Amino acid sequence: MATINDDCSDLVKPTVSESRTWMCLICGWIYDEAAGDPEHGIAPGTAWADVSMNWTCPECGARKEDFEMVEI
Ligand SMILES: [Zn+2]
591 MATINDDCSD LVKPTVSESR TWMCLICGWI YDEAAGDPEH GIAPGTAWAD VSMNWTCPEC
651 GARKEDFEMV EI
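Now the structure itself:
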């Protein structure tokens, strides 16, 4: 009986864009870089660093400095 090495582990999924998630420390609202915030002028895929300094939390009005990166 021949054991055929049938693993597909070399099919490495390319990590195209590692999107990050940021959470409002005041109200817990989540900003997902992949999703953006189109309702407030932030296109999907916008990196946190590229979010306008004038942007504020849609829920509570907190500023970017009140957000912290979270890992899901
Ligand atoms: Zn908030």
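All the letters of the sequence shown, read from the start, carry residue numbers 591 to 662 under our numbering.
The beta carbon of each residue, even a glycine, is placed where N, CA and C say it ideally should be.
If you're wondering where the values come from, they're calculated on a predicted model, not measured in any experiment.
- In this structure, ligand 1 has a non-hydrogen atom nearer than 7 Å to the beta-carbon of residue 616.
- When DSSP reads this structure, residue 613 sits in a beta bridge with 620 and 658.
- Pairing residue 638 with residue 661, the inter-Cα distance amounts to about 14 Å.
- In this structure, residue 623 lies away from residue 631, with their beta-carbon atoms at least 8 Å apart.
- Per DSSP, residue 640 has no beta-bridge partner at all.
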